[in-house]
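Asker: Take this structure first; my questions come after.
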Amino acid sequence: TPHPPTPSSLLSRAIALGLLEASPDNDLRVPRILPLTLPQDDVLYASATQALYACWWQTAAATEARVLEVHRLALLAQAADIAAELAAAMGHYWYDRSRFREAVALAEKTIQIAPDYRLYHSLARSQATLGAVQSALENYQKARETCPEDNQNEKAAILHNLAIIYAQQGQVEEAIASTSSP
Numbered sequence: 329t330p331h332p333p334t335p336s337s338l339l340s341r342a343i344a345l346g347l348l349e350a351s352p353d354n355d356l357r358v359p360r361i362l363p364l365t366l367p368q369d370d371v372l373y374a375s376a377t378q379a380l381y382a383c384w385w386q387t388a389a390a391t392e393a394r395v396l397e398v399h400r401l402a403l404l405a406q407a408a409d410i411a412a413e414l415a416a417a418m419g420h421y422w423y424d425r426s427r428f429r430e431a432v433a434l435a436e437k438t439i440q441i442a443p444d445y446r447l448y449h450s451l452a453r454s455q456a457t458l459g460a461v462q463s464a465l466e467n468y469q470k471a472r473e474t475c476p477e478d479n480q481n482e483k484a485a486i487l488h489n490l491a492i493i494y495a496q497q498g499q500v501e502e503a504i505a506s507t508s509s510p
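Sequential numbering from 329 applies to the sequence shown in the numbering used here.
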């Protein structure tokens, strides 16, 4: 069985690694550590966002905690596309789990740097469920106006949800009219 290291062997190892310095009279001291010149924070945030986005989101390794961490970094890095994509996905995920207030908070925070149709849609869904009907209508309208024409699935979902709110309010004509693209 291996023997535990002795204090003198540990000191020798620390000296060899540069963690301790020995003076000529064998006194030991911790060396003065020079501060590293790190890239600016925004550069770190951007590179961390890209690396973790590729590693955690674009693979099957995504968990709620990982997505939220990449989203946090994306906000700090002002990476609007990544922040919007992740916040919209988390918003729908939380909506499906009845975590409406969390979905609203995340979307509202993200919209400040990334006014994206997916976020407006996610935000409106949760707002409607929470009873903030007027805010939901406004955000559905923003989602409808900014959704690209080539994203027909998202456009259809937005129009459908918008029509449902109008119908629930007894505004049948508006519900029918809302199903046509602007």
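Heads up, the beta-carbon is just placed ideally off N, CA and C, and yes, glycines get one too.
1) T391 and A412 - do their beta-carbons sit closer together than 9 Å?
2) For a test of the three-state rule: what should DSSP assign to R446, helix, strand or coil?
3) By the three-class DSSP mapping on this structure, what secondary structure does A471 have?
4) What first and last residue would you give for the alpha helix (DSSP H) that runs through G419?
5) Please classify S336 as buried or exposed, where buried requires at least 16 other C-beta atoms within 10 Å of its C-beta.
6) Are at least three pairs of beta-carbons, each pair with one atom in the stretch 454-464 and one in the stretch 481-488, less than 8 Å apart?
7) Give me the Cα-Cα distance between C475 and A407, rounded to the nearest whole angstrom.
8) Below 9 Å between beta carbons: does that hold for R446 and A416?
9) Below 9 Å between beta carbons: does that hold for A452 and Y468?
10) Anyone know if the C-beta pair for A405 and Y373 falls short of 9 Å?
11) S336 lies in the alpha helix (DSSP H); which residues open and close that run?
12) Does the beta-carbon of S375, which I'm using as the reference point, lie nearer than 8 Å to any heavy atom of the ligand NAD?
Answerer: Taking the coordinates as given:
1) No.
2) Here R446 carries a helix assignment [DSSP, helix/strand/coil].
3) The DSSP-derived three-state label of A471 is helix.
4) Start and end: A408 to D424.
5) Around the beta carbon of S336, a 10 Å sphere encloses fewer than 16 other beta carbons of the protein chains shown; the residue is thus reported as exposed.
6) No, they do not touch.
7) Roughly 19 Å separates the two Cα atoms.
8) Yes; because the gap between Cβ atoms is below 9 Å, this pair is in contact.
9) Yes; because the gap between Cβ atoms is below 9 Å, this pair is in contact.
10) Less than 9 Å divides the Cβ of A405 from the Cβ of Y373.
11) Segment P335 to L345, the alpha helix (DSSP H) holding S336.
12) The ligand NAD is not part of this structure, which contains no ligands at all.
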